[in-house]
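Here the structure comes first, spelled out in structure tokens, and everything after it is commentary.
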Amino acid sequence: EPEVTQTPSHQVTQMGQEVILRCVPISNHLYFYWYRQILGQKVEFLVSFYNNEISEKSEIFDDQFSVERPDGSNFTLKIRSTKLEDSAMYFCASRRTSGRNTQYFGPGTRLTVL
Amino acid sequence: QKEVEQDPGPLSVPEGAIVSLNCTYSNSAFQYFMWYRQYSRKGPELLMYTYSSGNKEDGRFTAQVDKSSKYISLFIRDSQPSDSATYLCAMSTNTFQGAQKLVFGQGTRLTINP
Chain A
42 EPEVTQTPSH QVTQMGQEVI LRCVPISNHL YFYWYRQILG QKVEFLVSFY NNEISEKSEI
102 FDDQFSVERP DGSNFTLKIR STKLEDSAMY FCASRRTSGR NTQYFGPGTR LTVL
Chain B
121 QKEVEQDPGP LSVPEGAIVS LNCTYSNSAF QYFMWYRQYS RKGPELLMYT YSSGNKEDGR
181 FTAQVDKSSK YISLFIRDSQ PSDSATYLCA MSTNTFQGAQ KLVFGQGTRL TINP
């Protein structure tokens, strides 16, 4: 069964460093998402991406964040200058159609900012 | 008032019991309702998907949506120790123009005791 994959599974970085989190969505899916989950808190929406552009972004998704689909398979989240409060699990999700809103999540990347 | 509210538990029941999990919400524009299961430090796994009001059954799982009360439920029959996980409710609006971000509840941590 096709699944969303994410790399790395765990990323440790120093405050102020740039990180890139990578995702390979399910191959025939059209909508892509990033969510994050701070330890013990809700899963929160960050950004959605469709037709090579951002569809919607949350207040969390400020100028330090960017997303890209550099080729036909990868979907990346870049954090330009990491802060301590960026430490969280980051989940990529994808969805196939414009109607039924079934989003499938990857296993997540645990980001630790020191 | 929070957009989606879910009792975080923890909830502990004996094997074989019927489990009832629920969420309330405030946004009457929500049309899609989902339940995800999340094991510790893993990504959310889609369990049930419901559009608008009504019931949906899949094996031991039944999802109910009552839009008039803004209340959704997940029932697990004949619960098994392998059902031990955190259960997240999630919902979204029905805007075909947009990418339909998911809004999650806090998650209920469930333990099934053998």
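From first to last, the protein sequence lines stand for chains A and B. In the numbering used here, each residue carries its 1-based index in the first sequence increased by 41. In the numbering used here, each residue carries its 1-based index in the second sequence increased by 120. Built from N, CA and C at the ideal position, the CB exists for glycine as well.
Contact defined as beta carbons within less than 8 Å: I believe residue i pairs with residue j. What is the distance between those atoms, to the nearest angstrom?
| i | j | result |
| --- | --- | --- |
| Leu-87(A) | Tyr-76(A) | 6 Å |
| Ile-192(B) | Asn-147(B) | With a Cβ gap of about 13 Å, Ile-192(B) and Asn-147(B) do not count as contacting. |
| Thr-150(A) | Leu-62(A) | 5 Å |
| Pro-164(B) | Tyr-152(B) | Pro-164(B) to Tyr-152(B), Cβ: 15 Å. No contact. |
| Glu-97(A) | Lys-162(B) | About 26 Å separates the two Cβ atoms, so there is no contact after all. |
| Phe-150(B) | Lys-83(A) | At roughly 16 Å, the Cβ-Cβ gap does not stay under 8 Å, so Phe-150(B) and Lys-83(A) are not in contact. |
If we ignore side chains and look at the alpha-carbon of each, how far apart do residue i and residue j end up?
| i | j | result |
| --- | --- | --- |
| Ser-114(A) | Asn-92(A) | 13 Å |
| Met-154(B) | Met-211(B) | 6 Å |
| Glu-100(A) | Glu-135(B) | 42 Å |
| Pro-148(A) | Gln-47(A) | 7 Å |
| Ala-137(B) | Leu-230(B) | 12 Å |
| Glu-177(B) | Ala-205(B) | 20 Å |
| Phe-106(A) | Val-139(B) | 40 Å |
| Ser-199(B) | Asp-103(A) | 43 Å |
| Val-53(A) | Lys-124(A) | 12 Å |
| Asn-214(B) | Ala-129(A) | 29 Å |
| Gln-78(A) | Pro-43(A) | 24 Å |
| Ser-189(B) | Glu-94(A) | 37 Å |
| Glu-125(B) | Val-185(B) | 15 Å |
| Gly-174(B) | Asp-203(B) | 24 Å |
| Ser-172(B) | Lys-187(B) | 7 Å |
| Tyr-207(B) | Glu-59(A) | 33 Å |
| Thr-144(B) | Pro-128(B) | 13 Å |
| Leu-167(B) | His-51(A) | 26 Å |
Does the Cβ of residue i have 16 or more other Cβ atoms within 10 Å, making it buried, or fewer, making it exposed?
| i | result |
| --- | --- |
| Asn-233(B) | exposed |
| Gln-158(B) | buried |
| Pro-17(A) | An answer regarding residue 17(A) cannot be provided, because it is not within the stretch 42 to 155 covered by chain A. |
| Gln-55(A) | exposed |
| Arg-141(A) | exposed |
| Lys-119(A) | exposed |
| Ile-196(B) | buried |
| Asp-112(A) | exposed |
| Ser-68(A) | exposed |
| Ser-135(A) | buried |
| Gly-57(A) | exposed |
| Thr-228(B) | buried |
| Leu-194(B) | buried |
| Thr-138(A) | exposed |
| Glu-85(A) | buried |
Mind listing which residues of the segment 159–189 of chain B have their C-beta closer than 8 Å to chain A's C-betas, in chain order? Arg-161, Lys-162, Gly-163, Pro-164, Glu-165, Leu-166, Tyr-169, Tyr-171
Identify every run of the beta strand (DSSP E) within the segment 93–143 of chain A, keeping only runs that are complete inside it and at least 3 residues long; order them along the chain. 94–98, 106–109, 116–120, 129–136
Residues of the segment 143–159 of chain B whose Cβ lies closer than 9 Å to any Cβ of chain A, in chain order: Gln-151, Tyr-152, Met-154, Tyr-156, Gln-158
Closer than 7 Å, Cβ to Cβ, to anything on chain B: give me those residues from the segment 111–129 of chain A, in chain order. Listed by position, the residues of the segment 111–129 of chain A near chain B (Cβ gap below 7 Å) amount to none.
With 8 Å as the C-beta to C-beta threshold (strictly closer), list the residues of the segment 194–205 of chain B near chain A in chain order. none
Taking only beta carbons into account, state which residues of the segment 136–152 of chain A come closer than 9 Å to chain B, listed in chain order. Arg-136, Ser-139, Gly-140, Arg-141, Asn-142, Thr-143, Gln-144, Tyr-145, Phe-146, Gly-147, Pro-148, Gly-149, Arg-151
In chain order, which continuous runs of the beta strand (DSSP E) of length 3 or greater are located wholly inside the segment 176–205 of chain B? 181–186, 191–196
Residues of the segment 92–111 of chain A with a CB closer than 7 Å to any CB of chain B: list them in chain order, please. Cβ contacts with chain B come from Ser-96, Glu-97.
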